[in-house]
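With this note's numbering, letter number 188 in the sequence shown gets 188, and the count goes up by one each step, no holes. No residue lacks a Cβ here, since even glycine has one placed at the ideal position from N, Cα and C. Please read these numbers as outputs of a predicted model, since none were measured by experiment.
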Amino acid sequence: MRAKYVMSEVFLGLWRNISMTVAMIITMAVSLTMLGAGLLLYNQVDVIEEYYQTNLEVVVYLDRNIDEATTEQLRAELEASGYAAQVQFESQDEAYERFKDTFEESEDLVASVDPTVLPAAFRIKMNDINDADKLIADFSERPGVYQVTNQRDILQQVFDILGGAQRLTLIVALVQGVAALMLVANTIQVAAYSRRREVAIMKLVGAPNWFVQAPFVLEAVFAGVIGAIFAFATLIAAKFLVIDGEFKDLFSLMPPISMQSILLLLPILTGISAVISAITAWITLRFNIKV
Numbered sequence: 001m002r003a004k005y006v007m008s009e010v011f012l013g014l015w016r017n018i019s020m021t022v023a024m025i026i027t028m029a030v031s032l033t034m035l036g037a038g039l040l041l042y043n044q045v046d047v048i049e050e051y052y053q054t055n056l057e058v059v060v061y062l063d064r065n066i067d068e069a070t071t072e073q074l075r076a077e078l079e080a081s082g083y084a085a086q087v088q089f090e091s092q093d094e095a096y097e098r099f100k101d102t103f104e105e106s107e108d109l110v111a112s113v114d115p116t117v118l119p120a121a122f123r124i125k126m127n128d129i130n131d132a133d134k135l136i137a138d139f140s141e142r143p144g145v146y147q148v149t150n151q152r153d154i155l156q157q158v159f160d161i162l163g164g165a166q167r168l169t170l171i172v173a174l175v176q177g178v179a180a181l182m183l184v185a186n187t188i189q190v191a192a193y194s195r196r197r198e199v200a201i202m203k204l205v206g207a208p209n210w211f212v213q214a215p216f217v218l219e220a221v222f223a224g225v226i227g228a229i230f231a232f233a234t235l236i237a238a239k240f241l242v243i244d245g246e247f248k249d250l251f252s253l254m255p256p257i258s259m260q261s262i263l264l265l266l267p268i269l270t271g272i273s274a275v276i277s278a279i280t281a282w283i284t285l286r287f288n289i290k291v
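#1: Any idea what DSSP makes of A127, helix, strand or coil?
#2: To which residues of the same chain is Y42 closer than 6 Å at the C-beta, ignoring the five residues directly before and after it?
#3: Please look up how many angstroms separate the CB atoms of L183 and F232, rounded, as I've assumed it's under 8 Å.
#4: Given this structure, state the Cα-to-Cα distance separating E219 from A179, to the nearest angstrom.
#5: Judging by CA-CA distance, which residue of V58, V275 and Y61 is the nearest neighbour of M28?
#6: Give a yes or no on whether the C-beta atoms belonging to F139 and S81 are separated by under 9 Å.
#7: Taking the alpha carbon of S112 as the reference point, which residue from N127, K125, Y96 and P119 has its own alpha carbon closest?
#8: Cβ of Y61 within 9 Å of Cβ of P119?
#9: I'd like to confirm the pairing. Which residues does DSSP put opposite Q88 in its beta bridges?
#10: Is the beta carbon of S31 less than 9 Å from the beta carbon of A223?
#11: Who are the Cβ neighbours of L170 in its own chain at under 6 Å, not counting the five residues just before and after it?
#12: Quick check on G164: buried or exposed, where buried means 16 or more other Cβ atoms within 10 Å of its Cβ?
#13: Measuring straight from C-alpha to C-alpha, what distance separates Q189 and A278?
#14: The beta strand (DSSP E) that contains L62, what's its start and end?
#15: From which residue to which residue does the beta strand (DSSP E) around T149 run?
#16: Can you give the Cα-Cα distance for M34 and Q260, rounded to whole angstroms?
#17: In angstroms, rounded to a whole number, what distance separates the CA positions of Q86 and L135?
#18: On the premise that D63 lies in contact with Y146, defined as a C-beta separation below 8 Å, what is that separation, rounded to the nearest angstrom?
#19: How would you call I154, buried or exposed, if buried means at least 16 neighbouring beta carbons within 10 angstroms?
#20: Measure the C-alpha to C-alpha separation of V221 and T280 and round it to an integer number of angstroms.
#21: With a 10 Å radius around its C-beta and 16 neighbouring C-beta atoms as the bar for buried, classify R286 as buried or exposed.
#22: Quick one, are the C-beta atoms of I236 and I262 less than 9 Å apart?
#23: Tell me the residue span of the alpha helix (DSSP H) that contains L74.
#24: Taking Cβ to Cβ, would you say A76 is nearer than 9 Å to N127?
#25: Taking C-alpha atoms, which residue in P256, A69, T284 and T234 lies nearest to L269?
#26: Helix, strand or coil for S258 per DSSP?
#27: Taking just the CA atoms, how far does F240 sit from V47?
#28: For L118, name the three-state secondary structure that DSSP assigns.
#29: What does the alpha-carbon distance come out to for the pair L74 and E141?
#30: Just how far apart, CA to CA, sit A23 and L162?
Okay, structure coming up:
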């Protein structure tokens with residue numbers, strides 16, 4: 001009987017303040033969407049870094065006039081260095097084919113490049129990419145070597161940008177979260193004030209504190225959970241419509257965001273919204289209802 005009464009009061013309270021309830025759900029949904037996106041981005045940056053760390057190469061570019069004997073000597077020294085897991089020679093023709101594949105959509109750029117301009121190179125997969133600087137120091141001054149580059153240095157700027165976006169998303173989510181908490185507190189205050197006579201009567205007849213507070217707390221939890229569901233649905237839609245849809249070519253350059261990662265967000269977002277909403281409502285009630 002008590003549970004039935006509490007639940008009826010919850011839905012009645014939500015309906016009485018329908019505009020505030022809708023605003024609270026929308027604010028929670030926006031903040032939780034940003035939080036979910038931040039968590040996804042945070043995880044994806046780590047996935048991208050791990051993916052590229054295992055696929056990054058050190059490239060030893062050779063002088064255009066290098067002879068075959070020097071080339072073979074460099075190959076032998078690279079293989080014997082202890083740094084290289086795999087040493088692959090790329091001729092000028094192969095370098096040009098790679099260039100054409102990379103810039104196939106820029107026909108004018110491809111047409112403007114002379115194949116003989118691109119140097120032959122050794123592409124080296126490292127046993128440990130952290131040893132790249134040692135290999136560069138050992139081989140950058142060798143005869144026949146034009147330049148040695150570490151692909152990680154080139155991609156580090158990309159990682160820095162992703163890290164900045166990661167932090168920015170979490171900051172926006174935090175700001176949105178504070179706004180959501182303030183709206184939850186305000187909604188509970190309005191609900192408590194509109195039902196102040198009912199609360200006073202319940203206290204006079206000896207109703208326990210939890211019984212008086214339960215409808216208000218559950219209202220906040222209900223709105224928070226609905227907001228979490230909307231946020232989860234938004235993230236699902238973003239994956240299919242944006243990541244795997246309109247911007248598929250852009251995101252094809254990096255490991256895909258797995259469906260499992262998004263599915264894991266549902267219990268996380270729901271739990272966070274329910275707990276925070278309940279705590280916010282309880283604290284608000286302590287200051288607005290004399291229990």
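So, to answer that:
#1: For the sequence presented, residue 127 should be read as Asn rather than Ala. Note: N127 maps to coil in three-state DSSP.
#2: Result list for Y42: Q166, in chain order.
#3: Their Cβ separation, rounded to whole angstroms, is 20 Å, which puts L183 and F232 out of contact at 8 Å.
#4: Roughly 18 Å between the two C-alpha positions.
#5: Closest by C-alpha distance to M28, out of V58, V275 and Y61, is V275.
#6: It is a contact, given that the beta carbons lie within the stated cut-off.
#7: Ranking N127, K125, Y96 and P119 by Cα distance to S112 puts Y96 first.
#8: Closer than 9 Å, so yes.
#9: Its beta-bridge partners are R123.
#10: Cβ atoms of S31 and A223: not closer than 9 Å.
#11: Result list for L170: G38, in chain order.
#12: Classification of G164: exposed, given that the 10 Å Cβ count is below 16.
#13: Between Q189 and A278, the C-alpha separation is close to 14 Å.
#14: DSSP places L62 inside the beta strand (DSSP E), whose first and last residues are E57 to L62.
#15: Residues V145 to N150.
#16: Those two C-alpha atoms are separated by around 18 Å.
#17: Rounded to the nearest whole angstrom, the C-alpha separation of Q86 and L135 is 13 Å.
#18: Contact annotation, Y146 with D63: C-beta distance approximately 5 Å; criterion of less than 8 Å satisfied.
#19: Around the Cβ of I154, a 10 Å sphere holds fewer than 16 other Cβ atoms; the residue is exposed.
#20: So the alpha carbons of these two residues sit roughly 10 Å apart.
#21: Taking all protein chains in view, the Cβ of R286 is surrounded by fewer than 16 other Cβ atoms within 10 Å, so the residue is classified as exposed.
#22: Going by beta carbons, I236 and I262 fall inside the 9 Å limit.
#23: E68 to A80 is the extent of the alpha helix (DSSP H) around L74.
#24: Not closer than 9 Å, so no.
#25: Closest option to L269, Cα to Cα, is T234.
#26: DSSP, read as helix, strand or coil, puts S258 in coil.
#27: Cα to Cα, the separation comes out at about 20 Å.
#28: Coil at L118, not helix or strand.
#29: For L74 and E141, the distance between alpha carbons rounds to 12 Å.
#30: Answer to the nearest angstrom: the Cα atoms are 32 Å apart.
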